[in-house]
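I have placed the structure first, in the form of structure tokens, so that the comments after it can refer back to it.
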Amino acid sequence: MAKQISVFLENKAGRLASVTRTLGDADINIRALSIADTSDFGILRVIVNDPDKAYQVLKEAGFTVSETEVVAVQVPDSPGGLATVLEQMSEDNLNIEYLYAFLGTSGNDALVIIKVEDMDKTRSIFKQKGIMFLEEQQLYSL
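Counting from 4, one number per residue, gives the positions in the sequence shown under the numbering used here.
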């Protein structure tokens, strides 16, 4: 399981640039990101190399920030790779709130960041089924 930083952003020019500059100036590296938006605001979700520091510097810079626990699942980068994991999750009634993905470092896998309702149950089931997930430091050090 890992920490994800979520930032509430007004939907206006320059806000995303400001967040990324704030993180960059604090020597924080973005590993993955996703933006969900409406016409008035957006929620930026990021995985960074130092989530505790990112939370602090963004808060100090005046951003509305929260931390969320997510799981980073390693799936084969091939047709059906994600479907297999999602089907296994469905079999055990693991409800997904949202997800986003990016390529893994080996070129043979992808990493999927998943927010689920019950993290403890998810971790237990993943271990039982042999679903590969990254621990915090593995993800942050990519």
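Quick reminder that beta carbons are idealized off the backbone N, C-alpha and C, glycines included.
Proximity below 8 Å, CB of residue 60 to CB of residue 35
It is not a contact, given that the beta carbons lie outside the stated cut-off.
Taking the straight line between their C-alpha atoms, what separation do you get for residue 69 and residue 83?
Counting only the Cα atoms, residue 83 lies some 33 Å from residue 69.
Following the continuous alpha helix (DSSP H) through residue 54, name the residue where it begins and the one where it ends.
Going by DSSP, residue 54 is part of the alpha helix (DSSP H) stretching over 54-63.
So, do the segment 111-126 and the segment 93-103 have three or more beta carbon pairs nearer to each other than 8 Å?
Three or more beta-carbon pairs drawn from the segment 111-126 and the segment 93-103 are found closer than 8 Å, and the two stretches are therefore classed as touching.
So residue 77 and residue 136 are in contact, right, with Cβ under 8 Å, and what is the actual spacing, rounded?
About 7 Å separates the beta carbon of residue 77 from that of residue 136, a gap short enough to meet the 8 Å contact definition.
Select from 88, 73 and 72 the residue whose C-alpha is nearest the C-alpha of residue 79.
That would be 88, whose Cα lies nearest to the Cα of residue 79.
First and last residue of the uninterrupted alpha helix (DSSP H) at residue 112:
From DSSP, residue 112 is part of no alpha helix (DSSP H) but of the beta strand (DSSP E) over 112-119.
Our contact map puts residue 44 next to residue 19 with C-beta atoms below 8 Å; I'd like the distance itself, whole angstroms only.
So it is not a contact: roughly 12 Å between Cβ atoms.
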